[in-house]
Amino acid sequence: MKIATFNVNGITSRLQRLLEWLDESQPDIACLQELKTSDATFPLQAIEAAGYGAVWHGQKGFNGVAVLARGAQPVEIRRGLPGDPDDTHSRYLEAQVHGLTVASIYLPNGNPQPGPKFDYKLAWFERLIQHAAALCEAREPVVLVGDYNVVPSNEVGDIYSPKSWLDDALLQPESRDAWRRLLAQGWTDAIATLHPGVPMYTFWDYFRNRWSRNAGLRIDHLLLNAAAAKQLASAGIDREVRGRDKPSDHAPAWVVLK
DNA sequence: ATGCCTGTCTGGGACAGA
8 MKIATFNVNG ITSRLQRLLE WLDESQPDIA CLQELKTSDA TFPLQAIEAA
58 GYGAVWHGQK GFNGVAVLAR GAQPVEIRRG LPGDPDDTHS RYLEAQVHGL
108 TVASIYLPNG NPQPGPKFDY KLAWFERLIQ HAAALCEARE PVVLVGDYNV
158 VPSNEVGDIY SPKSWLDDAL LQPESRDAWR RLLAQGWTDA IATLHPGVPM
208 YTFWDYFRNR WSRNAGLRID HLLLNAAAAK QLASAGIDRE VRGRDKPSDH
258 APAWVVLK
């Protein structure tokens, strides 16, 4: 069972990159973020033609998350996190498919900080922590994947160099503290567990030659509860996707469960 | 040192992203 996460940065302009990656990587489940399109304009036909069923939560111009499943129709469990009825952002979609529960997460970026966007990020994180507690305790496998917009540490496995990012919302102690408290519920960070100490970046800014210099950040994560972690076989990053024509600024990350 | 690129909505320039 291969589960992947991919921030596509606009599914409309990224559709060919997405389809070729699905064909190559053959994930059983693919969670997408930053669709940047409305529910009505989600390219369902092309995704079904590629052999995938889908549920999605779109938003015109911004945000947007989806869960794709190869040869299956995901069953939607929840769209949006509980705890704030005024939150209009499409950032959380939870579904059951292929015998497990999976969530596609697009955690707020939070820049600039300090400020209201950073406050929103931290508040959203607290709502995720609240909601994730019961999922972590589930006896069935649960996988929370997506763009968490947190660089977990300043180590080279997580960032090429923290120097120019020290004031960024992705590295702030508050962001990292929330990340640590989420993991402390009992989640396994699949990439960090299987590839400690080596660069496992998932994002490279479009400018400043960040891709050609491999000046990347590890911000897309795959978290497994105990039942899922028992099945953990391998994990990786499809880096080559970032080097193609008209790429997303993120590369897909994936985990295989036995 | 700096959104320096890129996508979206829109129809040129603003906003958002990380």
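Numbering (the working numbering), first residue to last: 8 to 265. Where is the CB? At the ideal position from N, CA and C, for every residue including glycine.
Pair within 9 Å by beta-carbon distance, residue i and residue j
i, j, result
"Gln40", "Thr12", "yes"
"Pro34", "Pro259", "yes"
"Arg220", "Phe210", "no"
"Asn14", "Tyr167", "no"
"Pro119", "His96", "no"
"Ala102", "Val149", "no"
"Leu264", "Ile84", "no"
"Val205", "Gly250", "no"
"Ser182", "Gly153", "no"
"Ala79", "Gly60", "yes"
"Asp245", "Glu55", "no"
"Ala42", "Ala73", "In the sequence as displayed, the identity of residue 42 is Leu instead of Ala. Yes, these two residues count as a Cβ contact at 9 Å."
"Ala4", "Ile198", "Nothing can be reported for residue 4, as the shown portion of the chain is limited to 8 through 265."
"His64", "Leu100", "yes"
"Cys273", "Val82", "Here the chain comprises residues numbered 8 to 265, so residue 273 is not present and cannot be evaluated."
"Asn16", "His257", "yes"
For residue i, the nearest candidate out of the options (CA to CA)
i, options, result
"Leu129", "Gly193, Val205 and Asp184", "Asp184"
"Gln66", "Leu75, Gly87 and Gly58", "Gly87"
"Glu147", "Thr48, Ala234, Leu26 and Phe49", "Ala234"
"Ala53", "Gly68, Val205, Glu27 and Asp91", "Glu27"
"Val262", "Ile36, Asn16, Arg21 and Leu25", "Ile36"
"Pro180", "Ser32, Ala47, Val157 and Gln80", "Val157"
"Ala191", "Leu230, Arg77, His202 and Tyr208", "Leu230"
"Ile136", "Glu162, Arg187 and Trp172", "Arg187"
"His228", "Arg217, Met207, Ala240 and Ala76", "Met207"
"Arg134", "Cys143, His64 and Pro89", "Pro89"
"Asp93", "Ala73, Leu75 and Trp131", "Trp131"
"Leu75", "Phe49, Phe69, Asp91 and Gly68", "Phe49"
"Trp194", "Pro203, Ala236 and Val109", "Ala236"
"Ala176", "Ala140, Pro123, Ala240 and Leu151", "Pro123"
"Ala57", "Arg77, Gly17 and Leu173", "Arg77"
"Leu142", "Glu162, Leu189, Pro121 and Ser160", "Leu189"
As assigned by DSSP and simplified to three states, the class of residue i
i, result
"Arg98", "coil"
"Trp194", "coil"
"Leu75", "strand"
"Glu83", "strand"
"Ser182", "helix"
"Val173", "It should be noted that the sequence gives Leu, not Val, for residue 173. Correct three-state label for Leu173: coil."
"Leu88", "coil"
Counterpart residues of residue i in DSSP-defined beta bridges
i, result
"Val152", "Ser111 and Leu229"
"Tyr167", "Its beta-bridge partners do not exist; DSSP assigns none."
"Val62", "Val74"
"Lys9", "Val263"
Residue i Cβ short of 8 Å to the ligand NAP heavy atom set
i, result
"Asp93", "Although the ligand NAP was asked about, the structure shown includes no ligands whatsoever."
*Mind pulling the alpha helix (DSSP H) runs of 4 or more residues that sit fully within the segment 201-263?*
Listed in chain order, they are 233-236.
_Sequence ranges, beta strand (DSSP E) only - wholly within the segment 100-147, length at least 3_ = Runs found: 107-113.
*Ordered list of alpha helix (DSSP H) runs contained in the segment 12-56, each at least 4 residues*: Fully enclosed alpha helix (DSSP H) runs of 4 or longer: 22-32 and 51-56.
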